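What follows is a set of notes on a single structure, which appears directly below.
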Amino acid sequence: MIAALLIALGQVLVAGAGAPLLVGVVRTLKARLAGRRGPSPWQPYADLRKLLGKEPVVSTTTSWVFRATPYVLVATMLVTALVVPVLVARPALGFAGNIILLMYLFMLGTFILALAGLDSGSAFGGMGASREVAVAALAEPTIIVAVFAVALRAETINLGGIVERLAREPLLAANPAHLLAFVAFFIVMLAETGRLPVDNPATHLELTMIHEAMVLEYSGRYLALVGWASAMRLFVFMTLLANLFVPWGVTSLAEPVPVLLGLLALAGKLAVLAAALAVLETVVAKLRLFRVPELLAGSFALALLSVTAVFLVP
Amino acid sequence: MAAAGPLVALAIGLVAFVLGLGGVAGNTWTVAVPWLVPLGGLELTLDPLAGLFLALVGGVALPASVFALGSTGRAGRGALAYPVFVASMCVVPLAANTMTFVMAWELMSLASYFLVLHEREERASVRAAWVYAVMTHAGLACLLAGMLLMGAWTGSPRFADWRVAAPALGAAARSVAFVLLAAGFAGKAGVIPLHVWLPLAHPAAPSHVSALMSGVMIKLGVYGLLRAGLDWLGVGPAWWGVAVLLAGTVSSVIGVLYALVDHDLKRLLAFSSIENVGIILIGAGAGMLYHGAGLEGLALLALAAALYHTINHAAFKTLLFLGAGAVVHATGTRNMEGMGGLIKRMPWTAACFLVGSAAIAALPPLNGFVSEWLTFVALLQNTRIAQPILNLTFTLGIAGLALTSGLAMACFVKAFGITFLALPRSDAAARAHEALPVMRTAMVALAVACVALGLGATLVVPALVSVAGALTGDRTPVAVGDWLTLGVSGGFGTLSTLAIAAALGAALALPLIALRLAGAARGRRPYETWGCGRMLQTSRMEYTATAFADPFRRVFDFFYRPEKRLDIEFHPGARYFVQRIEYANPTRSIFDDWLYRPAIDALRVVARRARAIQSGSANVYLAYILAALILLLVLA
Amino acid sequence: MLRQLRMALRTGIVTEPAPARSDVERVGARLAGEIHRRFGRSLAIREVDAGSCNGCELEIAALTGPHYDLERFGLSFVASPRHADCLLVTGPVSRNMAEALRRTWEATPDPKLVIVVGDCGSDGGIFRGSYAVVGGVGAVVPVDAVVPGCPPSPAAILGALLDVIGRRR
Chain A
1 MIAALLIALG QVLVAGAGAP LLVGVVRTLK ARLAGRRGPS PWQPYADLRK
51 LLGKEPVVST TTSWVFRATP YVLVATMLVT ALVVPVLVAR PALGFAGNII
101 LLMYLFMLGT FILALAGLDS GSAFGGMGAS REVAVAALAE PTIIVAVFAV
151 ALRAETINLG GIVERLAREP LLAANPAHLL AFVAFFIVML AETGRLPVDN
201 PATHLELTMI HEAMVLEYSG RYLALVGWAS AMRLFVFMTL LANLFVPWGV
251 TSLAEPVPVL LGLLALAGKL AVLAAALAVL ETVVAKLRLF RVPELLAGSF
301 ALALLSVTAV FLVP
Chain B
1 MAAAGPLVAL AIGLVAFVLG LGGVAGNTWT VAVPWLVPLG GLELTLDPLA
51 GLFLALVGGV ALPASVFALG STGRAGRGAL AYPVFVASMC VVPLAANTMT
101 FVMAWELMSL ASYFLVLHER EERASVRAAW VYAVMTHAGL ACLLAGMLLM
151 GAWTGSPRFA DWRVAAPALG AAARSVAFVL LAAGFAGKAG VIPLHVWLPL
201 AHPAAPSHVS ALMSGVMIKL GVYGLLRAGL DWLGVGPAWW GVAVLLAGTV
251 SSVIGVLYAL VDHDLKRLLA FSSIENVGII LIGAGAGMLY HGAGLEGLAL
301 LALAAALYHT INHAAFKTLL FLGAGAVVHA TGTRNMEGMG GLIKRMPWTA
351 ACFLVGSAAI AALPPLNGFV SEWLTFVALL QNTRIAQPIL NLTFTLGIAG
401 LALTSGLAMA CFVKAFGITF LALPRSDAAA RAHEALPVMR TAMVALAVAC
451 VALGLGATLV VPALVSVAGA LTGDRTPVAV GDWLTLGVSG GFGTLSTLAI
501 AAALGAALAL PLIALRLAGA ARGRRPYETW GCGRMLQTSR MEYTATAFAD
551 PFRRVFDFFY RPEKRLDIEF HPGARYFVQR IEYANPTRSI FDDWLYRPAI
601 DALRVVARRA RAIQSGSANV YLAYILAALI LLLVLA
Chain C
1 MLRQLRMALR TGIVTEPAPA RSDVERVGAR LAGEIHRRFG RSLAIREVDA
51 GSCNGCELEI AALTGPHYDL ERFGLSFVAS PRHADCLLVT GPVSRNMAEA
101 LRRTWEATPD PKLVIVVGDC GSDGGIFRGS YAVVGGVGAV VPVDAVVPGC
151 PPSPAAILGA LLDVIGRRR
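Residue numbers (the working numbering), protein chains in the order written: chain A, 1 to 314; chain B, 1 to 636; chain C, 1 to 169.
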């Protein structure tokens with residue numbers, strides 16, 4: 001009981017405190033690949049700290065929806081940190097959810113942020129909201145079909161169950177279906193977390209923004225919460241990719257040494273994924289907005305192929 | 001006296017709700033009054049499925065009637081039709097023989113026709129009522145044909161007798177009956193392509209009537225489909241289930257695609273009803289396929305998912321329609337492009353509409369999410385049926401349901417965001433007033449129901465599984481977890497909405513506490529929205545509903561087939577200055593263009609030819625009578 | 001794709017060290033200690049062009065490049081004044097841009113800084129006395145620091161920014 005509580009706390013701390021570091025690492029790597037020294041990986045913490053000290057300016061056009069959104073976003077992400085196997089295979093809320101719940105929790109975040117974008121009454125916010133929900137809606141089929149492929153092999157949609165099954169029988173993962181599902185999921189991650197080639201997180205041109213356009217009105221502590229929630233979204237998605245498809249290192253025991261090893265394994269996997277993301281963002285240009293559905297359709301085709309592969313390759 | 005109608009309906013609803021719940025709990029009975037209805041007499045039977053739908057009618061009639069008490073104006077016109085509508089809808093699920101069913105069905109259609117014709121001075125209303133009347137009677141014709149054929153083949157008009165005699169009939173006979181019955185019921189349910197009446201009729205009727213039509217009447221079409229597919233005709237071949245599942249998938253995707261580009265608030269909700277009926281039918285079709293394959297546990301799960309979504313949709317769609325009614329009443333328009341900023345003028349309505357929007361967008365931990373989750377879980381296990389064609393059908397269903405889900409979220413961001421948020425886009429919206437307390441009560445009660453149905457999933461699902469078991473005639477116990485967690489199919493998937501809701505609540509408090517501890521700056525300064533330093537912010541600078549839906553219009557343009565019209569008027573003096581630009585980009589309904597118009601044109605051609613028979617000469621008519629007499633004598 | 005990667009890996013880091021000191025003129029009477037405490041490790045800058053000839057803009061734009069790289073000191077450019085701590089204003093403030101500049105300043109959350117880049121911003125520069133200019137940024141919003149030059153080099157601007165926030169090189 002106490003162990004479960006401590007592990008739950010640990011997962012929340014790792015996700016909450018580790019998310020800005022992940023974002024910082026990706027940023028630093030991208031800068032190095034561009035020939036610059038770049039910011040320190042710890043820079044996001046300094047940014048958040050500074051934002052907390054500023055008095056927010058809130059638009060008179062907005063309503064309580066605008067002010068409540070940062071808190072709802074953070075709450076959603078913290079709950080996902082308790083459902084996803086971060087340190088252990090069966091975290092505190094693992095019984096309460098599964099991959100489908102996870103995807104719908106992300107959709108809850110998208111929903112409320114899109115409403116906050118519309119609330120400001122500016123064209124930027126509306127445009128960001130419209131584009132964001134379009135991308136999220138078109139990414140849905142891919143996720144669920146990829147889930148189908150993974151669930152077929154593991155015979156459960158429960159995250160802990162999948163992780164334990166794959167850890168027990170590694171040969172199940174040595175399957176083209178697994179690889180195809182991983183690629184499909186990776187593309188969906190780019191779409192859902194707003195990274196290149198779907199959306200440029202560092203752009204200043206409002207016409208090219210999707211996610212950033214919705215947060216243009218936020219300032220001070222609200223902006224800090226929204227930024228933190230975005231970082232956690234990236235962290236949770238990457239953890240999902242890492243621990244679901246490459247589950248070695250994730251323990252089922254609630255003892256300090258295996259959990260610590262799990263943390264180290266996660267750090268290693270995230271480092272590899274962060275490097276891959278940095279390289280991808282350096283060599284790939286942002287897609288035109290109306291090319292993004294083509295990319296998502298391609299990822300859907302991959303997911304369908306992965307399902308077929310499960311049937312064809314025993 | 002305008003309140004008499006809703007009050008009577010309220011009483012009927014209460015009785016129906018209580019009786020229905022009794023039926024679900026297993027308290028079944030039969031009532032027969034042979035002389036009341038010709039050709040078979042009045043016969044009413046309450047079994048668990050009938051009880052569920054009866055409780056549904058009552059449960060929706062209650063808040064709708066309470067809301068109607070608050071609606072002033074020409075409510076007097078519907079004073080008789082409204083309680084008759086509710087009463088006839090109560091009789092339909094109870095009907096146990098052909099005549100009772102058909103009479104109740106027709107009474108329901110006629111009563112709703114008069115309610116749709118509420119604004120009979122408007123041409124659009126008259127047309128809507130006309131299309132509705134035609135479609136519902138075409139459906140009735142199919143239903144009558146199917147039921148009379150079954151009556152002739154089994155020798156009895158009673159449904160209980162069909163249940164017994166159906167296995168003896170040939171597969172071809174049962175399939176013919178199924179097709180006819182399914183066509184009739186699908187038309188009432190609003191399945192694509194028989195849906196054309198729905199987006200016309202629902203917006204035309206007053207809001208509490210639209211709520212009843214969307215929340216309950218189309219579900220009676222689903223009720224009929226469930227009876228026809230699983231009960232009256234016995235176990236059918238697999239293609240029945242495939243047809244229902246595919247029809248559901250198509251309906252759900254097309255329904256939400258049309259809802260996305262609509263900016264009439266009530267028509268958007270009507271298309272969304274088509275979408276949700278599609279989701280229900282996906283579950284029902286899956287249930288039929290599993291039942292046919294002998295996988296009873298999965299069949300009960302899929303059917304329970306379909307029934308759950310039926311209840312959930314009734315709850316949140318009623319809420320949304322009542323909210324829309326309050327908004328339309330306050331602003332005087334149904335066009336979303338004339339709304340905005342209503343959250344500040346109508347806070348209660350806005351909050352309830354937000355709960356309804358979140359529920360219909362299937363966001364956890366509300367009720368819409370649970371029923372969609374259950375449907376997914378049922379569909380995802382389809383590999384237990386080892387037939388590739390069926391697996392492919394299921395996969396299409398899964399992909400369709402996922403796409404629908406995402407698009408529905410987008411649709412309701414638009415519906416809530418454009419209607420309630422930011423600045424008012426018209427003077428009427430700027431002067432809007434909050435709904436009356438009695439209307440607010442109805443909406444709040446429904447919002448509470450949506451939350452309760454979501455959090456209480458662990459109580460609702462076992463009841464629905466037993467109802468589904470009574471329908472399929474299978475009583476194998478299906479484990480569905482404990483009071484906290486829904487656990488289905490032996491650990492395939494688990495869900496605990498209570499735990500998630502508690503976690504979300506606690507997690508909401510966390511950042512507040514953390515900010516306080518970190519010494520974050522308190523307070524906030526109000527200022528205008530950032531507009532790159534422009535001088536004035538007006539509602540003209542906000543995003544419109546049309547603009548919001550533009551990405552979807554582009555991505556799916558092969559479906560919408562928009563025809564862009566651009567008229568530019570130049571200044572008469574100098575051709576370099578533009579005086580007026582008119583831009584229109586309407587979407588075309590492919591069903592109108594490719595299905596109904598050709599069918600109606602063909603019908604007109606045939607009718608014109610057939611007119612030759614009516615020559616007007618009395619001698620020719622006498623010759624017809626003579627010929628018919630001779631023919632009958634020869635045949636007899 | 002691979003070609004870009006190869007080029008990136010081959011070129012390496014080209015960032016030059018920042019200048020040791022600068023010619024920034026402190027105008028405002030704010031406590032240097034508080035500015036250093038708040039913004040010493042992270043400063044979000046919103047650049048505002050109040051009618052400049054774009055000479056200063058070109059120099060400022062060079063700051064984001066690999067040679068001057070202001071991000072390594074925690075400085076960054078942001079798109080919206082709501083996200084900004086510091087407004088970097090260029091130009092003599094033409095009459096058309098005066099109100100826009102004021103609204104931008106109002107839209108920025110407190111506490112905030114205003115740093116003027118270029119001679120135009122301090123008193124009008126080469127446009128001093130013209131009918132079309134208000135005459136310096138100080139006439140519209142309170143100014144904290146001025147970076148002299150026409151235009152100042154990127155190194156000078158970088159040095160000035162670092163001196164304002166009290167950051168060690």
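Idealized CB from N, CA, C, for every residue including glycine.
Quantities reported herein were computed from a predicted structural model and do not represent experimental measurements.
- Is there at least one Cβ from chain A nearer than 9 Å to Glu57/C's Cβ? no
- Task: Measuring only between beta-carbons, confirm whether Ser120/A sits less than 9 Å from chain B.
- Result: yes
- Item | Ordered list of alpha helix (DSSP H) runs contained in the region 7-41 of chain A, each at least 4 residues | none
- Query: CB Gly417/B to CB Leu273/A, shorter than 9 Å?
  - Reply: no
- Query: In chain A, which residues lie less than 9 Å from Trp373/B when you measure between Cβ atoms?
  - Reply: Asn98, Ile100, Leu101, Tyr104
- Starting from Leu407/B, find everything on chain A with Cβ-Cβ shorter than 7 Å and list it in chain order. Near Leu407/B (Cβ distances below 7 Å), the residues of chain A are Ala137.
- If you run the structure through DSSP and keep just helix, strand and coil, what is Tyr308/B? helix
- Residues of its chain near Val438/B, where Cβ-Cβ distance is below 7 Å and the 5 sequence neighbours each way are ignored: Closer than 7 Å at Cβ, skipping near neighbours: Val66, Leu69, Gly70.
- Query: Can the beta-carbon of Val140/C be found less than 9 Å from the beta-carbon of Trp105/C?
  - Reply: Taking the C-beta atoms as reference points, Trp105/C is found nearer than 9 Å to Val140/C.
- Query: Any idea what DSSP makes of Gly121/A, helix, strand or coil?
  - Reply: coil
- Message: When you compare the CB positions of Ala358/B and Glu140/A, do they come within less than 9 Å of one another, or not?
- Response: no
- Item | Minimum C-alpha distance to Thr11/C - residue among Ala267/A, Ala34/A, Val14/A, Leu21/A | Ala34/A
- State the start and end residues of the unbroken alpha helix (DSSP H) segment that holds Cys142/B. 123-154
- Query: Along the chain, which unbroken stretches of the alpha helix (DSSP H) at least 4 residues long are found entirely within the region 513-586 of chain B?
  - Reply: 545-548, 550-555, 557-560
- Message: Taking beta-carbon pairs under 8 Å, can you tell me which members of the region 70-81 of chain C lie near chain B?
- Response: Ser80, Pro81
- Could you run through the region 316-347 of chain B and flag, in chain order, every residue whose CB is less than 9 Å away from some CB of chain A? From the region 316-347 of chain B, only Gly340, Gly341, Ile343, Lys344, Pro347 have a Cβ closer than 9 Å to chain A.
- Item | Sequence ranges, alpha helix (DSSP H) only - wholly within the region 191-226 of chain B, length at least 4 | 198-204, 207-212, 218-226
- Query: Under the rule that 16 or more other beta-carbon atoms within 10 Å means buried, what is Val24/B, buried or exposed?
  - Reply: buried
- Item | Arg26/C, buried or exposed, once every other Cβ within 10 Å from all chains shown has been counted against 16 | exposed
- Task: For the region 575-606 of chain B, enumerate the residues whose C-beta is nearer than 7 Å to any C-beta of chain A, in chain order.
- Result: none
- Task: Kindly list, in the order they appear in chain C, the residues whose Cβ is closer than 8 Å to that of Val283/A.
- Result: Met1, Leu2, Gln4, Leu5
- Using a beta-carbon distance cut-off of less than 7 Å, what residues from the region 38-56 of chain C approach chain D? Annotation note: the requested chain D is absent from the structure, which comprises protein chains A, B and C.
- Message: If you follow the beta strand (DSSP E) that Phe77/C is in, where does it begin and where does it stop?
- Response: 75-77
- Task: Would you check whether the ligand COA has a heavy atom nearer than 8 Å to the C-beta of Gly368/B?
- Result: Among the components of this structure there are no ligands whatsoever, and the ligand COA is therefore not found.
- At a CB-CB cut-off below 9 Å, which residues of chain C make contact with Met535/B? Glu99, Ala100, Arg103
- Query: CB-CB under 8 Å to Leu172/A, same chain, minus the five flanking residues each way: which ones, in chain order?
  - Reply: Arg153, Ala154, Arg165, Leu166, His178
- Query: Under 9 Å between C-beta atoms, does Val236/A make it to chain C?
  - Reply: no
- Query: Just how far apart, CA to CA, sit Ala160/B and Phe85/B?
  - Reply: 26 Å
- Task: Could you tell me whether the Cβ of Gly194/A comes closer than 9 Å to any Cβ of chain C?
- Result: When Cβ-Cβ separations below 9 Å define contact, Gly194/A makes no contact with chain C.
- Message: Taking a contact to mean a Cβ-Cβ separation below 9 Å, would you say Val236/A touches Leu223/A in this structure?
- Response: no
- Ser489/B (DSSP reduced to helix, strand or coil): coil
- Message: Please report the straight-line C-alpha distance between Ala361/B and Ile99/A, rounded to a whole angstrom.
- Response: 18 Å
- Message: Measuring only the C-alpha atoms, how far is Gln11/A from Met127/A?
- Response: 35 Å
- Item | Assigned secondary structure, Val86/A (DSSP; H/G/I helix, E/B strand, else coil) | coil
- Task: Taking Pro141/A as the query, report the chain B residues whose CB atoms sit under 7 Å from its CB, ordered along the chain.
- Result: Ala399, Ala402, Leu403
- Message: What does the alpha-carbon distance come out to for the pair Pro109/C and Ile12/B?
- Response: 59 Å
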